[in-house]
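Here the structure comes first, spelled out in structure tokens, and everything after it is commentary.
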Amino acid sequence: ATICMARGLAKEGVVHTIEINPELDYIAKKYFELAGLQEKIRTHIGDAKEIIPKLDMQIDFAFVDGAKPDYSVMYEMIKPKLRLGGFLAVDNVLWSGKVAMGAEDKLTRSMHEFTKKVSEDKEVEMIILPGRDGLMLVRKIADC
2 ATICMARGLA
12 KEGVVHTIEI
22 NPELDYIAKK
32 YFELAGLQEK
42 IRTHIGDAKE
52 IIPKLDMQID
62 FAFVDGAKPD
72 YSVMYEMIKP
82 KLRLGGFLAV
92 DNVLWSGKVA
102 MGAEDKLTRS
112 MHEFTKKVSE
122 DKEVEMIILP
132 GRDGLMLVRK
142 IADC
């Protein structure tokens, strides 16, 4: 996904990616180089909840696909950095259909609560694309 995003960037654009596993980061960097995109991709190794607050930048687009119980926390960290009109894509929001079917396990409840939180946020508009595990697209429409 990172390579695809980097290929679609404007000339001055940069993709920032966060990877908690240093071994996976090492492998990813090899592919970034093979694609000739190493100058367009900045990697950060560590926990996203520690890295996101340290990023001093405005974000045009963010893609979240990490620890599902952390989605609400990451949303609250990313939203203030998201420029007006910027997008956030969040993967796995339907959790194999369990969210829509009302499953009661802890992980499904956290995904349902996250989805409800975003749907009630007046600063954004959102849509869920139901394919596979569900992809939520969020657009920031206001800074309150």
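For the sequence shown, this note's numbering begins at 2 and goes up steadily by one.
Ideal Cβ positions, reconstructed from N, Cα and C, are used throughout, including at glycine.
Run of the beta strand (DSSP E) containing residue i, from where it starts to where it stops
i      : result
VAL125 : 125 to 130
LEU95  : Per DSSP, LEU95 belongs to no beta strand (DSSP E) and is neither H nor E.
GLU20  : 16 to 20
ARG43  : 42 to 46
LEU25  : Note, LEU25: premise wrong, no beta strand (DSSP E); alpha helix (DSSP H) at 23 to 35.
Check whether residue i and residue j have beta carbons under 7 Å apart
i     : j      : result
PRO81 : SER111 : no
ALA36 : ILE4   : yes
Assigned secondary structure, residue i (DSSP; H/G/I helix, E/B strand, else coil)
i     : result
ASP61 : strand
Residue closest to residue i, alpha-carbon to alpha-carbon, out of the options
i      : options                        : result
THR44  : ILE21, VAL65 and ILE60         : ILE21
PRO131 : VAL94, ASP106 and LYS141       : VAL94
GLU77  : ILE46, TRP96, GLU24 and PHE115 : PHE115
GLU124 : ALA2, ASP134, LEU83 and LYS141 : LYS141
ILE46  : ILE19, GLU126 and MET58        : ILE19
Continuous alpha helix (DSSP H) stretch holding residue i: start and end
i      : result
ARG110 : 107 to 120
>> Any contact between the stretch 53 to 69 and the stretch 27 to 39? By contact I mean 3 or more CB pairs, one from each, below 8 Å.
In response: no
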